[in-house]
Amino acid sequence: MMSFLVVHRISHTYFTEKTAITALDNVSLSIEKGEFVSFLGPSGCGKTTLLSIIASLIQPTEGTVMLEGEKIHSIHPSVGYMLQQDYLFPWKTIQENLFLGLKIMGIDTAERRKNALSLLERIGLQGTEHYYPQQLSGGMRQRAALVRTLATDPKILLLDEPFSALDYQTKLKLEELVWQTLKDYGKTALLVTHDIGEAIAMSDRIFLFSAKPGRLVRTFLVPGELRQLSPLDARKHPLFSELFQFLWKELDSLETAK
Ligand SMILES: Nc1ncnc2c1ncn2[C@@H]1O[C@H](COP(=O)(O)OP(=O)(O)O)[C@@H](O)[C@H]1O
Ligand SMILES: [Mg+2]
Numbered sequence: 008m009m010s011f012l013v014v015h016r017i018s019h020t021y022f023t024e025k026t027a028i029t030a031l032d033n034v035s036l037s038i039e040k041g042e043f044v045s046f047l048g049p050s051g052c053g054k055t056t057l058l059s060i061i062a063s064l065i066q067p068t069e070g071t072v073m074l075e076g077e078k079i080h081s082i083h084p085s086v087g088y089m090l091q092q093d094y095l096f097p098w099k100t101i102q103e104n105l106f107l108g109l110k111i112m113g114i115d116t117a118e119r120r121k122n123a124l125s126l127l128e129r130i131g132l133q134g135t136e137h138y139y140p141q142q143l144s145g146g147m148r149q150r151a152a153l154v155r156t157l158a159t160d161p162k163i164l165l166l167d168e169p170f171s172a173l174d175y176q177t178k179l180k181l182e183e184l185v186w187q188t189l190k191d192y193g194k195t196a197l198l199v200t201h202d203i204g205e206a207i208a209m210s211d212r213i214f215l216f217s218a219k220p221g222r223l224v225r226t227f228l229v230p231g232e233l234r235q236l237s238p239l240d241a242r243k244h245p246l247f248s249e250l251f252q253f254l255w256k257e258l259d260s261l262e263t264a265k
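Per this note's numbering, the sequence shown runs over residues 8 to 265.
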């Protein structure tokens, strides 16, 4: 049976007037329904490029992406995208931002609106409906952005370093909240990160990338003992630091191999 998401022989080169930068070189991988996976690798290894290709924001030079057996070739409500910056419109209230997300996807119904507002409450942002984004903290804005992403009921969530601009404590809390929310809704998720601990704490599987050109070098299955734990609890487990050391060495050897 075909996997939920299949990335097949993706290569991508950015052409500028004077240069050609190969951001991705022949990347193939697949993800199963309900899995939480991470793309881990140094800055510049093509993580954002790959996510943008999966989201159809850019067309790859070569290769295909299939979601549930169908080729993805345009921006689609099945794919939700969450970025490091929240991209909430500053001149719109939180509620207006949520509804706009539905409108852009062409699914702005009364039921979806109601669902978006209950998601907002669920994520602990009740009472902020009529606030403007700048009235909220960074962590709250990222939570609102998560609600906007979830409100369209995507089949897969693409998270591009959504916690990296936050202070450490907020980041840990948000990891927990996002993990729990996605588990509760049974969502498939793909997290991009350069943070080893975050990848281990949150994911079922980790895809390790190297840079210049971006290549998938290895795939790690996170041990079952850690997978079933929430990120905060996973960080306290003895296996966590073991796996951390291991991945640290792997990443380090990729760096020094150059
Ligand atoms: N729009 C672009 N034009 C030219 N080069 C780009 C563009 N976007 C990314 N790159 C280059 O492609 C490579 C991969 O970038 P990116 O996907 O952003 O990596 P990551 O997200 O892992 O940091 C880098 O060398 C980067 O400089
Ligand atoms: Mg990036």
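We put the CB at the ideal spot given by N, CA and C, even for glycine.
Three-state class that DSSP yields for residue i in the structure shown
i: Glu128; result: helix
i: Ile65; result: coil
i: Leu105; result: helix
i: Ser269; result: Beyond the ends of the chain as shown, which are 8 and 265, falls residue 269; an answer cannot be given.
i: Ile38; result: strand
i: Thr226; result: strand
i: Gly193; result: coil
i: Glu118; result: helix
i: Thr135; result: coil
i: Ile163; result: strand
i: Glu183; result: helix
i: Glu205; result: helix
i: Ile213; result: strand
i: Thr100; result: coil
i: Lys219; result: coil
i: Thr71; result: strand
i: Leu12; result: strand
i: Lys178; result: helix
i: Leu95; result: coil
i: Pro140; result: helix
i: Pro169; result: coil
i: Thr26; result: coil
i: Ile111; result: helix
Supposed close pair residue i, residue j - CB separation, criterion 8 Å
i: Leu250; j: Ile163; result: The Cβ separation is near 25 Å, so there is no contact.
i: Phe43; j: Lys54; result: Going by Cβ atoms, the distance from Phe43 to Lys54 rounds to 16 Å, so no, they are not a contact pair.
i: Val293; j: Ser248; result: Outside the shown range of the chain, which is 8 to 265, sits residue 293, and nothing can be said about it.
i: Leu233; j: Ile207; result: 7 Å
i: Ile17; j: Gly51; result: Going by Cβ atoms, the distance from Ile17 to Gly51 rounds to 17 Å, so no, they are not a contact pair.
i: Val14; j: Ile61; result: 7 Å
i: Thr56; j: Ala30; result: 4 Å
i: Leu105; j: Arg155; result: 5 Å
i: Leu95; j: Leu126; result: With 8 Å as the limit, Leu95 and Leu126 do not qualify as a contact, their Cβ atoms being about 15 Å apart.
Limits of the alpha helix (DSSP H) - the one that residue i falls within
i: Pro253; result: Contrary to the premise, residue 253 reads as Phe rather than Pro in this sequence. Note, Phe253: alpha helix (DSSP H), Pro245 to Thr263.
i: Leu157; result: Gly145 to Ala158
i: Thr173; result: For the sequence presented, residue 173 should be read as Leu rather than Thr. Here Leu173 belongs to no alpha helix (DSSP H), and DSSP marks it neither H nor E.
i: Leu233; result: Gly231 to Arg234
Start and end residues, beta strand (DSSP E) containing residue i
i: Tyr88; result: Val86 to Leu90
In DSSP terms, what residue i is bridged to
i: His19; result: Leu31
i: Leu47; result: Thr200 and Leu215
i: Glu77; result: Leu74
Interface flag, residue i vs chain D, CB-CB below 9 Å
i: Leu236; result: The chain inventory of the structure shown lacks chain D, comprising one protein chain alone.
ask   = Does the segment 132–139 come within contact of the segment 199–217, defined as at least 3 CB pairs closer than 8 Å?
value = No: the two stretches stay apart, fewer than three of their Cβ pairs being nearer than 8 Å.
request  = For the segment 214–223 and the segment 184–195, state whether three or more C-beta atom pairs, one from each stretch, are separated by less than 8 Å.
outcome  = No: the two stretches stay apart, fewer than three of their Cβ pairs being nearer than 8 Å.
query = Are the segment 152–171 and the segment 79–97 in contact at 8 Å, needing three or more beta carbon pairs?
reply = They touch, by the three-pair rule.
message = For the segment 144–152 against the segment 169–185, do three or more pairs of beta-carbon atoms, one drawn from each stretch, fall closer than 8 Å, so that the two count as touching?
response = In the pairwise beta carbon analysis, the segment 144–152 is classified as touching the segment 169–185: at least three pairs are separated by under 8 Å.
task = Could you name the residues whose beta carbon sits closer than 5 Å to any heavy atom belonging to ligand 4, keeping them in chain order?
result = Looking for ligand 4 in the displayed structure turns up nothing; the ligands present are ligand 1 and ligand 2.
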